[in-house]
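In structure tokens, the structure reads:
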């Protein structure tokens, strides 16, 4: 019984009719052939994304540098002077 | 201009054969329509490099089979792995081939599911035989294989399909 059913299923594609393609296939192919190259499009998008990332990173760097407190002029000189035991001249 | 009209004739002559073949592989009408377009775009782009060591029809079938297998691999990658969880493509579904006679429709749905589990080369040989009515020699030309290897592929395909169908009945009973 099971064997018969298996064989019945196996032969279910016998006498199958060919499925018909889209009647507008040819004009769709022509439209796709007229489109710009999809590889070129992909490259343009990749370049745009890369440029946007670089721009965002630059802006981030500029703003983060701007927000950190800057050293007062002379601070570095004092640190070095203390390190080497030099007395810095006072102008006052 | 001449090549355009020749291309139009070529599309008219092979469109149903190509669509029917790719439909058997991808089992989705939208995908099959897109793939059919891609097959003919490839034909248009590479017709100049077509060497006549194979018949034109064989060459077109080769493109159709290779595009279909690529699409299946792509679908497998999309639905597999971690990223598969985020894809929306529907998984196993019932495929009703429009050319199957009414009283065999239900059985053919089960058969197409079993066909999906076959290895690529067995699936190709079986589908070309069943859907396109090709003989072993023609299948061998499309698959660039020998007739005896096609005979063996078809034999193993039927064995594997029987095995899958028996498992299907076993699971159905449980």
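Chains as they are written, first to last, in my numbering: chain R, 297 to 388; chain V, -16 to 157.
Where is the CB? At the ideal position from N, CA and C, for every residue including glycine.
It should be emphasised that the depicted structure is a prediction, and the values quoted were computed from it without experimental measurement.
Return the CA-CA distance between residue i and residue j, expressed in angstroms with no decimal places.
i	j	result
residue 326 of chain R	residue 115 of chain V	26 Å
residue 87 of chain V	residue 61 of chain V	32 Å
residue 142 of chain V	residue 132 of chain V	15 Å
residue 35 of chain V	residue 332 of chain R	30 Å
residue 47 of chain V	residue 135 of chain V	23 Å
residue 350 of chain R	residue 20 of chain V	38 Å
residue 353 of chain R	residue 347 of chain R	10 Å
residue 56 of chain V	residue 361 of chain R	49 Å
residue 121 of chain V	residue 342 of chain R	44 Å
residue -8 of chain V	residue 140 of chain V	35 Å
residue 146 of chain V	residue 100 of chain V	11 Å
residue 304 of chain R	residue 30 of chain V	42 Å
residue 81 of chain V	residue 43 of chain V	23 Å
residue 155 of chain V	residue 299 of chain R	15 Å
residue 307 of chain R	residue 77 of chain V	18 Å
residue 338 of chain R	residue 379 of chain R	57 Å
residue 328 of chain R	residue 359 of chain R	46 Å
residue 319 of chain R	residue 153 of chain V	43 Å
residue 151 of chain V	residue 5 of chain V	25 Å
residue 18 of chain V	residue 137 of chain V	25 Å
residue 311 of chain R	residue 54 of chain V	27 Å
residue 324 of chain R	residue 11 of chain V	18 Å
residue -10 of chain V	residue -1 of chain V	15 Å
residue 83 of chain V	residue 345 of chain R	48 Å
residue 69 of chain V	residue -13 of chain V	Bear in mind that a pLDDT of 49 at residue 69 of chain V, under 50, signals an unreliable position, so the model cannot answer this.
residue 127 of chain V	residue 49 of chain V	12 Å
residue 105 of chain V	residue 322 of chain R	32 Å
residue 98 of chain V	residue 316 of chain R	21 Å
Kindly list, in the order they appear in chain V, the residues whose Cβ is closer than 9 Å to that of residue i.
i	result
residue 322 of chain R	-10, -9, -6, -5, -2, 23
Applying the criterion that 16 or more other CB atoms from any shown protein chain within 10 Å of the CB defines a buried residue, is residue i buried or exposed?
i	result
residue 14 of chain V	buried
residue 33 of chain V	exposed
residue 129 of chain V	exposed
residue 377 of chain R	exposed
residue 23 of chain V	buried
residue 160 of chain V	Nothing about residue 160 of chain V can be reported from this structure: the residues present for chain V run from -16 to 157 only.
residue 118 of chain V	exposed
residue 356 of chain R	exposed
residue 71 of chain V	Annotation note: pLDDT 44 at residue 71 of chain V (below 50); position unreliable, no value reported.
residue 73 of chain V	Because the pLDDT of residue 73 of chain V is 47, which lies under 50, any placement of that residue in the model is unreliable, and the question is left without a value.
residue 381 of chain R	exposed
residue 124 of chain V	buried
residue 383 of chain R	exposed
residue 375 of chain R	exposed
residue 59 of chain V	exposed
residue 3 of chain V	buried
residue 468 of chain R	An answer regarding residue 468 of chain R cannot be provided, because it is not within the stretch 297 to 388 covered by chain R.
residue 112 of chain V	buried
Chain R partners of residue i, CB-CB under 9 Å?
i	result
residue 2 of chain V	314, 315, 316, 317, 318, 321
residue 96 of chain V	Within chain R, no residue comes near residue 96 of chain V; the closest Cβ sits about 10 Å away, beyond 9 Å.
residue 93 of chain V	305, 308
residue 160 of chain V	Outside the displayed span of chain V (-16 to 157) sits residue 160 of chain V, for which this structure offers no information.
Listing by chain order, which chain R residues have their CB less than 8 Å from the CB of residue i?
i	result
residue 79 of chain V	Those within 8 Å of residue 79 of chain V in chain R number zero; the least Cβ separation is about 11 Å.
residue 27 of chain V	325, 329
residue 145 of chain V	302, 306
residue 141 of chain V	306
For a contact defined as C-beta to C-beta under 7 Å, what are the partners of residue i on chain V?
i	result
residue 304 of chain R	90
residue 361 of chain R	By Cβ distance, chain V contributes nothing, its closest Cβ being about 37 Å from residue 361 of chain R, past 7 Å.
Are there any heavy atoms of the ligand SAM lying less than 6 Å away from the beta-carbon of residue i, as far as the coordinates show?
i	result
residue 94 of chain V	In the structure shown, the ligand SAM is absent, as is every other ligand, since no ligand is present at all.
Can you pull the chain R residues whose beta carbon is under 7 Å from the beta carbon of residue i, in chain order?
i	result
residue 82 of chain V	312, 313, 314, 315
residue 122 of chain V	Result: empty, since nearest Cβ-Cβ is about 15 Å, beyond 7 Å.
residue 16 of chain V	318
residue 87 of chain V	308
residue 6 of chain V	315
Given that residue i touches chain V, what residues does it touch there, using C-beta distances under 8 Å?
i	result
residue 328 of chain R	20, 24
If you scan the region -10 to 58 of chain V from start to end, which runs of the alpha helix (DSSP H) of 4 or more residues do you find wholly inside it?
Along the region -10 to 58 of chain V, the alpha helix (DSSP H) occurs as fully enclosed runs of 4 or more residues at 12 to 29, listed in sequence order.
Ordered list of alpha helix (DSSP H) runs contained in the region 70 to 139 of chain V, each at least 4 residues:
Counting only runs that start and end inside the region 70 to 139 of chain V, the alpha helix (DSSP H) elements of at least 4 residues fall at 88 to 98, 103 to 115, 119 to 126.
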